[in-house]
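Below is one structure, written out as structure tokens; the observations come after it.
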Amino acid sequence: MDLSVTRFYNLQSTEQRYQYTLHTLYQRLKAEHCVIGKFVNNGSQVKTLHYLHDGQLRDNFLYELAGTPCSDAKEQNYVCLIDSKLQQLYPKDELLNVLDIHSYLGVTLRAPDNKAVGILVCMFNEPFTVSDKDKQWFLELSLIVATELSHNLEMAAKELLLKQLAKGERIAKLCSWSWYITQNQHWFSHQMSSLLHIDSNEASFDCFLANLHCDDSQKLTKELELVRQGKINKFDMLVSHKNMSATQGLLHIVGEVELSDEHVNERVLRATLQDVTYTSSLNRQLELTNVVFENASEAFMITDHRNKIMMVNRAFEQQTGYCAAELYGEDPAILSSGKQPKQFYKSMWQHLQQTGFWKGEIYNRRKNGQVFPEELTLNAVRGDDGKITNYVAIFRDISNWKRNEAQLTFYANHEALTGLLNRRSFMLSLDKYLDKSYGFFNLSLVFIGLDRFKEVNDIFGPEIGDKVLIAVADRLQSTLKRKDIVSRYGGDEFALLIQQLQSDQVIKYAQQLKQRLSEPYMIDELTIELTVSIGVAHLDAKNKIHGPTLVRNAAHALSSAKKQGRSCVALHDEATQSAYLKKIKYRDKLKHALKTDALSVYYQPVICIKTSKIIKFEALIRWFDDEFGTVSPAYFIPIAEEFGLIHLIGQYVLETSCRDLAMVHSKGFKDISFSINRSINEFQSSNNQMALIPESIERFGLPYHALTVEVTESMAANKYTWRVLRVLRKKGIQIALDDFCTGYSSLSNLIENQVDFVKIDKSFMDSMGEDRNKQIMVKYLVDLGSQLGIKVIAEGVEQSDQLQMLCDFDCHLIQGFIFSPAKPIQECLQMLKKYQQVPIPIKQRNC
Numbered sequence: 001m002d003l004s005v006t007r008f009y010n011l012q013s014t015e016q017r018y019q020y021t022l023h024t025l026y027q028r029l030k031a032e033h034c035v036i037g038k039f040v041n042n043g044s045q046v047k048t049l050h051y052l053h054d055g056q057l058r059d060n061f062l063y064e065l066a067g068t069p070c071s072d073a074k075e076q077n078y079v080c081l082i083d084s085k086l087q088q089l090y091p092k093d094e095l096l097n098v099l100d101i102h103s104y105l106g107v108t109l110r111a112p113d114n115k116a117v118g119i120l121v122c123m124f125n126e127p128f129t130v131s132d133k134d135k136q137w138f139l140e141l142s143l144i145v146a147t148e149l150s151h152n153l154e155m156a157a158k159e160l161l162l163k164q165l166a167k168g169e170r171i172a173k174l175c176s177w178s179w180y181i182t183q184n185q186h187w188f189s190h191q192m193s194s195l196l197h198i199d200s201n202e203a204s205f206d207c208f209l210a211n212l213h214c215d216d217s218q219k220l221t222k223e224l225e226l227v228r229q230g231k232i233n234k235f236d237m238l239v240s241h242k243n244m245s246a247t248q249g250l251l252h253i254v255g256e257v258e259l260s261d262e263h264v265n266e267r268v269l270r271a272t273l274q275d276v277t278y279t280s281s282l283n284r285q286l287e288l289t290n291v292v293f294e295n296a297s298e299a300f301m302i303t304d305h306r307n308k309i310m311m312v313n314r315a316f317e318q319q320t321g322y323c324a325a326e327l328y329g330e331d332p333a334i335l336s337s338g339k340q341p342k343q344f345y346k347s348m349w350q351h352l353q354q355t356g357f358w359k360g361e362i363y364n365r366r367k368n369g370q371v372f373p374e375e376l377t378l379n380a381v382r383g384d385d386g387k388i389t390n391y392v393a394i395f396r397d398i399s400n401w402k403r404n405e406a407q408l409t410f411y412a413n414h415e416a417l418t419g420l421l422n423r424r425s426f427m428l429s430l431d432k433y434l435d436k437s438y439g440f441f442n443l444s445l446v447f448i449g450l451d452r453f454k455e456v457n458d459i460f461g462p463e464i465g466d467k468v469l470i471a472v473a474d475r476l477q478s479t480l481k482r483k484d485i486v487s488r489y490g491g492d493e494f495a496l497l498i499q500q501l502q503s504d505q506v507i508k509y510a511q512q513l514k515q516r517l518s519e520p521y522m523i524d525e526l527t528i529e530l531t532v533s534i535g536v537a538h539l540d541a542k543n544k545i546h547g548p549t550l551v552r553n554a555a556h557a558l559s560s561a562k563k564q565g566r567s568c569v570a571l572h573d574e575a576t577q578s579a580y581l582k583k584i585k586y587r588d589k590l591k592h593a594l595k596t597d598a599l600s601v602y603y604q605p606v607i608c609i610k611t612s613k614i615i616k617f618e619a620l621i622r623w624f625d626d627e628f629g630t631v632s633p634a635y636f637i638p639i640a641e642e643f644g645l646i647h648l649i650g651q652y653v654l655e656t657s658c659r660d661l662a663m664v665h666s667k668g669f670k671d672i673s674f675s676i677n678r679s680i681n682e683f684q685s686s687n688n689q690m691a692l693i694p695e696s697i698e699r700f701g702l703p704y705h706a707l708t709v710e711v712t713e714s715m716a717a718n719k720y721t722w723r724v725l726r727v728l729r730k731k732g733i734q735i736a737l738d739d740f741c742t743g744y745s746s747l748s749n750l751i752e753n754q755v756d757f758v759k760i761d762k763s764f765m766d767s768m769g770e771d772r773n774k775q776i777m778v779k780y781l782v783d784l785g786s787q788l789g790i791k792v793i794a795e796g797v798e799q800s801d802q803l804q805m806l807c808d809f810d811c812h813l814i815q816g817f818i819f820s821p822a823k824p825i826q827e828c829l830q831m832l833k834k835y836q837q838v839p840i841p842i843k844q845r846n847c
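Take a look at the structure:
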């Protein structure tokens, strides 16, 4: 059956025409396989458009052109016929084997410009021969199919182009506008509706004008009138429009008049409308960014991907001395100071490439050659493809900050008054040298204490005292070797760290130092004389010790020097160490005892031998330890004083005594009073004795006079102590002066600062019978107390002859083992209940 050209073109669709063509081929040539295909992927593959197998349409498929008979047919301008042995000729074409094809008839479909666009193929399962007439017919048929295919491909390309243009308009937020001026007709592309956020059916010129702000609508109308009159042929303007969020959007309109291709002498305005709201906002942001860039206090530098300088800001110019024109295209290495090694820059760039960021401190050089420190931040900027496009460097000159940091570091490590190392820095240096010295060199720690420096402050004032400390520091520094370290360790103490001396050499050096520091100081025309005590802790290179331990050793050596009478030098030894360790052990045990209420308060009665009655008790602290047994207060009280525990003991005694006295009063013995001892450190600590003692008395409902505060004679010499005692006595609390005439005695203190009791120390009771001087002194004290209205208590009375003598001296108040040792409160209560009259063991009672 011959193909009818008329019928071919009368068919409605290309699909029907292709099917008609293949059926015609099948019926005329009896080909088992008939194919119309188009070349794709730059002509390397064939995609079937229609495939007929044994007269039935089959699924289309894609196959590679190389190694197939179609590849040869494509290169020819005529019909390609291979009548047999097809599979042997094209062994790589697996499809020939699969479909069992033995002969081939094909022709290339070409466009009017002779470009190969497709192929028409018949394939046979048997060897096939074709007549010249059929071959010619096949060729003519291919021309008709080629025309159809070319037309379809051209239409598809145009349709694709239109889609791409529409997509481009959508992406660019662009709309095309044509105004046929003579006809006054307007045409807008589809993007108009989305651009103005209106319904596509409403897209018109009037709608467009209505969406513009009033002023801009009038402005555009005037421009269009000028175009209509032929006064202008092009215009470019920005107009505002209302968007969906009721905020202002911006449209950029560019138009130009041209002659129409469709109508003769018809003028047409071709214009584009583009939403530049975001672009305008971006431009404003860029302008603001540029303002920030130019006015920032930090220096900015931007380089390209080759690290060539593109841009710098004003701060960069000011900080480096270079102007932007000098730097453009230069490498940032122009600023290099040479202070950092090559490895530094290598590591910096490796980190920047790997992470895109680097921050640190670096030294650069200004144009005038001055090297300066800067804090630098580097950022790598990458494009969409991940490759670095730019580098951004931000830095600031930190010269002032470095100077301030150095000053802060100095003041953090040095004492402000003398400029010497402070204690913290000295301890860090000590630890460092201890690590270095072990096994290599000896190390000595020397503590220097200014003797009676407090008197200098009290007499001359703190300003002169500060100047003395500065002068001492200057002398110390002038005597040191280069490697030695000196510190103002605290208050009136200095510390030296000395290297590579034997212990005897250190002692000799310390003696020389003592002599040098004890020379008079000329301060503001005053001659200040001082002595110093020195403690030395020596460490051989073969020994290892921790810093705090060496400090404790030196501190105890200094304490030993002061105890020797001041202006002495003492070396820490094993005996000192052993005594110190023992003291530390007792200290820790005492801390535990305070926490666990392992201490107790005992009470020793005071007897009036005139009335044979118990009038009061003295509260005395007692400590029994599981390991040490009973520990004497004479031993552990000084330890508590030294390590700052005395105020805890004092508070414990105060609370316990008030509680026990309240219980005694509740049993009917309301005339009984208690005495408690106070330490000088309790008055000098942060504990407010003026408040604590009255508060405890009030809390237990006791009268103030029921409590007596005992202080030692040396404490009474302190003005602040007397000020507190006066406040307490004014409230009614009684005051007793303990151990009178055993220390720093001052009768003027006794007269000026009234007390209620004076206690004669036990040392006067011992051997008083054989020592006439002691008898005279005791008699004098009793008479003095009587004259001043002060009650006198003799303590430590153990023998009846002592008691008889005191009775003869009219000393009525007695405390001692002759009556009773200190006892727990319950035994004291039993004593009160038992004795209405206390037996007085003397032969003749004249008092």
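Residue numbering for the sequence shown follows the UniProt record's numbering, starting at 1 and increasing by one per position.
Note that the Cβ used here is the ideal one computed from N, Cα and C, for glycine as well.
For residue i, three-class secondary structure by DSSP
i	result
PRO839	coil
MET805	helix
LEU149	helix
ALA111	coil
GLU695	helix
PRO341	coil
CYS658	helix
LYS833	helix
TYR580	helix
Rounded straight-line distance, which links the Cα of residue j to that of residue i
i	j	result
TYR720	PHE643	22 Å
THR708	ALA736	7 Å
PHE300	PRO373	16 Å
ILE672	THR549	50 Å
residue 849	SER189	Only positions 1 to 847 of the chain appear in this structure, which leaves residue 849 out of reach.
PHE740	LEU530	31 Å
CYS70	LEU165	36 Å
LEU517	VAL532	7 Å
THR527	SER337	54 Å
SER745	GLN505	Here SER745 scores only 49 on pLDDT, less than 50, and its place in the model should not be relied on; the value that follows carries that caveat. About 43 Å.
LYS467	PHE410	21 Å
THR277	TYR363	45 Å
ASN553	TYR489	15 Å
PRO605	MET427	51 Å
ILE621	ILE498	44 Å
Best match in the options for proximity to residue i [C-alpha to C-alpha]
i	options	result
LEU803	PRO839, PHE426 and LEU288	PRO839
CYS122	CYS80, LYS85, ALA146 and LEU550	CYS80
ILE82	ASP93, GLU94 and HIS102	HIS102
GLY67	LEU86, GLU529 and HIS305	LEU86
ARG58	ASN41, LEU539, GLN19 and LYS514	GLN19
GLY491	HIS546, LEU420, ASP540 and GLN511	LEU420
SER240	GLU258, ASP215 and THR221	ASP215
GLN185	LEU269, ILE198 and THR377	LEU269
Per DSSP, cross-strand counterpart(s) of residue i
i	result
ASP236	VAL254
LYS133	DSSP lists no partner for LYS133.
VAL569	ILE534
PRO373	TYR363
ARG423	ARG423 pairs with nothing; no bridge assigned.
Residue i CB to nearest heavy atom of the ligand FMN below 7 Å
i	result
SER533	As far as ligands go, the structure on display features none, and thus does not contain the ligand FMN.
- Do three or more CB pairs link the region 583 to 594 to the region 816 to 824 at distances below 8 Å? no
- Message: Taking 8 Å as the cut-off, does the region 361 to 379 touch the region 266 to 285 (at least 3 CB pairs, one atom from each stretch)?
- Response: no
- Query: Should the region 171 to 188 be called in touch with the region 109 to 116, which here means at least 3 C-beta pairs below 8 Å?
  - Reply: no
- Should the region 51 to 60 be regarded as contacting the region 22 to 35, the criterion being three or more beta carbon pairs within less than 8 Å? yes
- Query: Is the region 777 to 791 touching the region 753 to 763 in the sense that three or more CB pairs, one from each, lie closer than 8 Å?
  - Reply: yes
- Message: Using 8 Å as the cut-off, can you tell me whether the region 661 to 668 makes contact with the region 695 to 708, which would need three or more C-beta pairs spanning the two stretches below that distance?
- Response: yes
- Cβ pair count under 8 Å reaching 3, the region 128 to 145 against the region 104 to 111: yes
- Count the C-beta pairs between the region 393 to 407 and the region 295 to 312 that are closer than 8 Å, then say yes if the count reaches three, no if not. yes
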